[in-house]
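Colleague:
Numbering (my numbering), first residue to last: 1 to 622.
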């Protein structure tokens, strides 16, 4: 065993208590050998110059490479620094090497025309001076300085944007000057005298700005934002010529053209503020730049259009996470209300749909407020149950469709009802649809896909949903196809379409009272199906309940076409016979209904047995 302490190596060869082999002579005695460390270092001695020359031979040498640098960092020429020395070069500051750069111009000092110019000597500039730093920012940033950007924020895209903006400003100045001068127009008055007048047409300026905004759309996000704001700053200052003659062209008038152009700019910037990944500093700078616009009175509605909350806003985050269900945040005496432009609400809805954040979208839509377009916001809120369906929460969707007040289901169209009916029945939904209006769900080219985590509604819940919609939506209640879809579901067992066996005569007799009690419930959206009604024949009970509702519908007013509705009973003729025997027809209404059935029977082909059965039922009625 070996150990080292204080650079002295100690080797322990054995121990008194160790047992050693009998023939091991080396272990007869306990011994410790201390091995003295040897100093391997040679004694320092002074080497003669001849010895040094023998050991070191210089074969190659060159000067260190000097990289490009600002004049104040030059390793060759000393630099004298003062805060604001502009009259003449300070001692030796005008001297340069091949790699010296001008701090202000950001180019080789040898090409700087103001290097030694009296009154603005660039050779004295350095980064530790506030004056020279501001002058450098002004020179390097150019027109971008108006946006309060820093040099570190400027990239090649913003450089290109600055050049495009400079060219645009020159062209816009030329076109607007032509507009101000006007063009002469000779008109003949009632006295056949020549009158010389000027006509001012703003259309060429409008077309120039529109073309520039189109080019801005092709740039990356930050450059596009700068270009749009730069263009708006130019045209927002344009004014009409007083007493001038205007053409009837839509964009010949300055005020109308400015409103149209500014709306386009604001719409694009709002989309960027919601969709683009801007840094907090950059979005604040473009908002501050827009606030400085001298908006005329006719455009005052655009004043706060870019006051768009970032996604990190405290109130917005708390609403999306479900921590705030009122949309109001109080901090001391201040109250912050989640109110946004309708255009911003649409944009947030679009992004949350693309990201499949449906629950967060529903929380947002429930509480957000808008001072404009209340009808548009209501239509968007009508989609909350659809978004809950996409989240796989059918229970919340059913509740959302049928609240006690202002139920979205009351605004259903028959087509929209059928879409939701199929969603609940199949647990599938139209995908890749960015919806901002319920009608957007009715696209015929939509692809239906299974909803993750969702299971089809039980038939009892599907029937209750349909009957509740009938109570609050006259359009669905009157539609023949909606009745056909519902009756198709309750007339068969599952997707196989197997008919239901007829229940006992006693059940059929008792079912009339139960069905009437359920359907005649006075509460508007309350449908309560007793458990006892579903115990013995659950599927047949649901069929009789819907059949009874159909009977009330037929008695109220004509149902056309009626034959597709009655055809759903082909496998369950006992249910149709049950309906037929208890319809409370008046003589006039009965005659009208029978006439409708006979007319449709004449033009219907196929299903002869069923048609014969219908004819037999018709003949049983007086």
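A virtual CB, placed ideally from N, CA and C, is assigned to each residue, including glycine.
1) Start and end of the beta strand (DSSP E) containing residue 431?
2) When the Cα atoms are used, what is the spatial distance from residue 531 to residue 487?
3) Take residue 603 and list the residues in its own chain whose beta-carbon comes closer than 7 Å to its own, dropping the five residues that flank it on each side.
4) Out of 515, 521, 546 and 96, which one is the CA nearest neighbour of residue 477?
5) Nearest CA to the CA of residue 459: which residue from 469, 489, 552 and 358?
6) Measuring only the C-alpha atoms, how far is residue 347 from residue 371?
7) What's the C-alpha gap between residue 311 and residue 365?
8) Compute the distance between the beta-carbons of residue 600 and residue 563, then report whether it is under 8 Å.
9) If you draw a straight line from the C-alpha of residue 570 to the C-alpha of residue 423, how long is it?
10) Can you give the beta carbon distance from residue 539 to residue 500, rounded, assuming they're within the 8 Å contact cut?
11) Looking at the structure shown, is residue 223 part of a helix, part of a strand, or coil, going by DSSP?
12) Only counting runs of 3 or more residues, tell me where the beta strand (DSSP E) segments fall wholly within the stretch 416 to 459, in order along the chain.
13) Can you tell me where the beta strand (DSSP E) with residue 307 in it begins and where it stops?
14) So for residue 218, helix, strand or coil by DSSP?
15) Quick one: Cα of residue 397 to Cα of residue 447, how far?
16) From residue 229 to residue 305, what distance separates their C-alpha atoms?
17) Whole angstroms are fine: how far does the CA of residue 259 sit from the CA of residue 308?
18) Quick check on residue 192: does DSSP put it in helix, strand or coil?
19) Taking the CB atoms as reference points, tell me whether residue 286 and residue 147 lie closer together than 8 Å.
20) I need the straight-line Cα distance from residue 592 to residue 479, nearest angstrom please.
21) Out of 534, 160 and 444, point me to the one whose CA is closest to residue 216's CA.
22) The alpha helix (DSSP H) with residue 116 in it runs from where to where?
23) Helix, strand or coil for residue 411 per DSSP?
24) Counting C-beta neighbours from all protein chains within 10 Å, is the total for residue 330 16 or more, i.e. buried, or is it exposed?
25) Relative to the C-alpha of residue 134, which residue among 176, 319, 121 and 150 is closest?
26) Run through DSSP, which three-state label would residue 108 get?
27) Check this for me: beta carbons of residue 126 and residue 81, under 8 Å apart or not?
28) What are the partner residues of residue 329, as DSSP defines its beta bridges?
29) Leaving out the 5 sequence neighbours to the left and right, which residues in its chain are closer than 6 Å to residue 240 when beta-carbon positions are compared?
30) Can you look up residue 511 in the DSSP assignment and give me helix, strand or coil?
31) Between the C-alpha atoms of residue 142 and residue 406, what's the straight-line distance to the nearest angstrom?
32) Closest to residue 475 by CA distance: which of 414, 506 and 177 is it?
33) Can you tell me the Cβ-Cβ gap for residue 315 and residue 324, rounded? I've got them flagged as a contact below 8 Å.
Modeller: For this structure:
1) Bounds of the beta strand (DSSP E) holding residue 431 are 428 to 431.
2) One C-alpha to the other measures close to 21 Å.
3) Around residue 603: no qualifying Cβ.
4) When only C-alpha atoms are compared, the closest one is 546.
5) Nearest C-alpha to residue 459: 489.
6) Residue 371 has its alpha-carbon roughly 16 Å from the corresponding atom of residue 347.
7) If you take the alpha carbons of residue 311 and residue 365, they lie about 15 Å apart.
8) Going by beta carbons, residue 600 and residue 563 fall inside the 8 Å limit.
9) Rounded to whole angstroms, residue 570 to residue 423 spans 26 Å at the Cα level.
10) The beta-carbon distance between residue 539 and residue 500, rounded to whole angstroms, is 5 Å. This is short enough to meet the 8 Å contact definition.
11) Residue 223 falls in the helix class under three-state DSSP.
12) DSSP runs (the beta strand (DSSP E)) wholly in the stretch 416 to 459: 428 to 431 and 447 to 450.
13) In the DSSP assignment, residue 307 falls outside any beta strand (DSSP E), carrying neither H nor E.
14) Three-state result, residue 218: coil.
15) Spanning the two alpha carbons is a distance of roughly 21 Å.
16) Put simply, the backbone Cα of residue 229 is about 13 Å away from that of residue 305.
17) Approximately 20 Å, taken between the alpha carbons.
18) Because residue 192 carries a pLDDT of 36, less than 50, the predicted location of this residue cannot be relied on, and no value is offered for it.
19) Taking C-beta atoms as the reference points, residue 286 and residue 147 count as a pair closer than 8 Å.
20) Answer to the nearest angstrom: the Cα atoms are 18 Å apart.
21) The residue from 534, 160 and 444 with its alpha-carbon nearest to that of residue 216 is 160.
22) Taken as a continuous stretch (DSSP letters only), residue 116 belongs to no alpha helix (DSSP H), as it is neither H nor E.
23) In this structure, residue 411 counts as helix in the three-state DSSP scheme.
24) Burial call: exposed.
25) Distance check between residue 134 and each of 176, 319, 121 and 150 places 150 closest, using alpha-carbon atoms only.
26) In this structure, DSSP gives residue 108 an extended state, which the three-state scheme calls strand.
27) Yes.
28) As DSSP reads the structure, residue 329 sits in a beta bridge with 336.
29) Residues 254 of the same chain have their beta carbon placed closer than 6 Å to that of residue 240, with the five preceding and five following residues left out of the count.
30) Judged by DSSP in its simplified three-state form, residue 511 adopts helix.
31) Counting only the Cα atoms, residue 406 lies some 57 Å from residue 142.
32) When only C-alpha atoms are compared, the closest one is 414.
33) The C-beta distance from residue 315 to residue 324 rounds to 7 Å, short enough to fall under 8 Å.
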